[in-house]
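Chains as they are written, first to last, in the working numbering: chain U, 1 to 219; chain Z, 1001 to 1219. Idealized CB from N, CA, C, for every residue including glycine.
Number of protein chains: 2
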Amino acid sequence: MEHFNELKATKIFGFAGEFDCQAMMFCFKTRFKTFEKNQVIVSQGDRLEEVVLVLKGSAIAQNIDSLGNISILNELNKGDVYGLEAAYAGQEFYKDSLIASEKSLVLYLNKHRLINPCQNRCRRHEMVIKNIVTMIAESHVKLLDKLTHMSKKTIRDKLLSYFHMVKEQANSPYFEIPFNKTELASYLAVDRSAMSTELSKMRDEGIIDYDKKQYRLIK
Amino acid sequence: MEHFNELKATKIFGFAGEFDCQAMMFCFKTRFKTFEKNQVIVSQGDRLEEVVLVLKGSAIAQNIDSLGNISILNELNKGDVYGLEAAYAGQEFYKDSLIASEKSLVLYLNKHRLINPCQNRCRRHEMVIKNIVTMIAESHVKLLDKLTHMSKKTIRDKLLSYFHMVKEQANSPYFEIPFNKTELASYLAVDRSAMSTELSKMRDEGIIDYDKKQYRLIK
DNA sequence: CCAAATTTGTTGTAAAAACAACACTATTTT
DNA sequence: AAAATAGTGTTGTTTTTACAACAAATTTGG
C-alpha cells in the first residue's frame, strides 16, 4: 500500500495494520498530494471540506490580517493534522493559511466522513475518534502553554515562563528547545532582535546560559 | 433529581433525560459543591483527579508565575467544563487555578471514569464523548482566535483584530462584546489604561465608536 | 435610595519593545 | 570549495507600552 510507512507513524492511524489503513483511506475519501517549499497548502478563506494530515515534511500555520501583517500561529510536523479542531467545531472556512516549510507530502481527509462516522460502526472508527480526542486535547494544552507565555508583559518574563516549563518537562536545568532563535521569537510573538538583546542581558546577569538550542536555567 | 434543571442546560449532558442524568451522575462519580465569590475552586498544582463543570455562576482561570504576576487565561460560564482538555491530554496536575467570580455551583466529574468509559458501553456514553469532542474543539477554536489577536504587535492592532472578528460573527458593523473594558484588556493581555487611551484615540480618528459594551467598527 | 465598591478615562513619566541597518557566523546548495 | 542563503548579535532611534495616581462615572448591595 502506498505510503503505509508514513501512515503507520502517525498518531491518528498508527494503531492500524495495512488492511485497516486501506479501508479507512477509502472511508475518509483520502487523497495524497505533495507540495514544494513555500507552496500554499491551505489559503485562509478556503472552504473547509477536508482536513490535512502531514505525512512528510512540515508546514506552518499563519494568519495575514487586512494590513498584510503575518502572524505565525503554529508549526506542523509529521503526524500533525491541520483543521481538525475547526472541523469538529463546525467551522465552514479556514481562518488561517498553511504553508509548506519544506518539500512535503500530505493526506487529505474528508471532513464530513470524519465527523459523521460511517454506518458500519467498527472498532476502527472508535479508535480513530479516540485518537482524535487525544490529539485535539494535546494540541489545546500546547496552545494554552503558548498563551501562558505570551500573556507575560515583558520579553524577559515570556522567555522565563517558557524556559521554566521546558525545564520542568526535562526535569533538569539543562534542556534543549525545538526552536532556533528566529523561531523562538515568532513563537513568543516578539521582535527577534529585541529578544536577542534580552537573552544576552540575561546571560550577562547569570540567569541563563545557552548555546545553539541548548539552554540552562540557573537557579 | 437535584439540580436537574442546571444539568439539562449544559452542553455535555443537555441531551439526556432525568433518568439518564441520574445514571451518569453515578457513573462519573459526581459530587456538587458551592463556592462563594473569590473562593479557589482549583489551585494550580492540584492533582487532576476530577474535572469541574460550572452549573451556576462563573469563574476565571488564571495563572500565577513565580514572581506573583497574575495572568487571566479564560472565563468559564454556566455549562463550561474546566480541565477537560488537560484530562484527555493525560495531564496529571492542574497548571492553572480556577477562581469563582461570583457565588457558584459546580459539579465534579471523575477523570478516570470520563476517559475510560464504563463497561456497559451505552448510547449515553457515546453522546457524552461526542459532546466532549465538540466542546474541546470549540474551546480550541476560541483559544486560536485569542492567539490571533494577541499575536498582533500593537494594542490598536489587537483591538482591531478582535473587533473585526466579532463584526464578522455579528454580520454587522454594530456589535456587542461580552467584556467590559477591564476584562477586554485582560483578555488581550494589555494594560487597561493604555488600552483605554488607545480606544479614545481610535474614536477621535473616527475608526470606531463605542458605548459600554456596544461597539461600532466604521469602514 | 444611599453608600460603597467597581469601572472608566486621563495624564505624565519611565520602561520596554519595535524597527532598521549592519557585520558576522553558520548552514545549505551547487 | 565556493557561493548563496539563513541565522545571530549589536547598536542607536523611534514608537509603544506599562505604570502610577487620580477624578469622574457607573454599578452594586444593603
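Please list, in chain order, all residues of the same chain as residue i whose beta carbon is under 6 Å from its beta carbon, the five residues on each side excluded.
i	result
E75/U	I60
R1216/Z	P1173, Y1174 and D1209
M1202/Z	I1208
I1132/Z	none
L1098/Z	I1041, V1042, A1059, A1061 and Y1082
P117/U	H125
D20/U	R124
S1066/Z	none
S139/U	none
Y1162/Z	H1149
Q39/U	A100
Look up residue i in the DSSP assignment and say whether it is helix, strand or coil.
i	result
L1107/Z	strand
F35/U	strand
V1128/Z	helix
I12/U	coil
V51/U	strand
F1019/Z	helix
F1175/Z	strand
S1139/Z	helix
I1190/Z	The sequence as given places Val at residue 1190/Z; Ile does not occur at that position. Coil, per DSSP.
I1218/Z	coil
I99/U	strand
D1211/Z	strand
Could you give the C-beta distance for residue i and residue j, rounded to a whole number, given that I count them as a contact under 8 Å?
i	j	result
K111/U	L55/U	In fact, because the Cβ distance is near 18 Å, the residues do not count as touching under 8 Å.
I1070/Z	I1064/Z	5 Å
R1124/Z	M1024/Z	6 Å
L147/U	L1160/Z	With a Cβ gap of about 20 Å, L147/U and L1160/Z do not count as contacting.
Within the same chain, show all residues whose beta-carbon is closer than 7 Å to that of residue i, passing over the 5 residues directly before and after it, in chain order.
i	result
D1046/Z	F1093 and Y1094
I1115/Z	A1087 and Y1088
L109/U	F28, T30, E50, V51 and L53
A1194/Z	I1155
D145/U	M165
M127/U	F15
D80/U	V54
K158/U	H149, M150, K152, L188 and V190
K1167/Z	P1173, F1175 and L1217
E18/U	M1 and F4
Who are the near neighbours of residue i in its chain, counting only those whose CB is closer than 8 Å to its CB and skipping five residues on each side?
i	result
I1218/Z	P1173, G1206, I1207, I1208 and D1209
F1179/Z	Y1187 and K1213
R192/U	K181, T182, A185 and S186
L1199/Z	L1159, K1181, I1208 and Y1210
R1113/Z	C1027, F1028 and K1029
K78/U	E6, A9, T10, V54, L55, K56, G57 and S58
C1122/Z	none
Should residue i and residue j be called a contact, given that it needs their Cβ atoms to be closer than 9 Å?
i	j	result
A170/U	E176/U	yes
K296/U	M135/U	Any property of residue 296/U remains undetermined from this structure, which presents chain U solely from 1 to 219.
S1196/Z	K1181/Z	yes
D96/U	Q44/U	yes
F1032/Z	V1106/Z	yes
K103/U	G57/U	yes
L1143/Z	L143/U	yes
Q1062/Z	V141/U	no
F1013/Z	A1100/Z	no
S1129/Z	Y1082/Z	Looking at the sequence shown, residue 1129/Z is not Ser but Ile. In this structure, Y1082/Z does not lie closer than 9 Å to I1129/Z by Cβ.
Run the proximity test for residue i: is its beta-carbon closer than 8 Å to any non-hydrogen atom belonging to the ligand NAD?
i	result
K1033/Z	Questions concerning the ligand NAD fall outside what the structure shown contains, since it holds no ligand whatsoever.
Problem - Every unbroken alpha helix (DSSP H) inside the segment 1057-1094 of chain Z [4 residues or more] - result: Counting only runs of 4 or more, we get 1084-1088.
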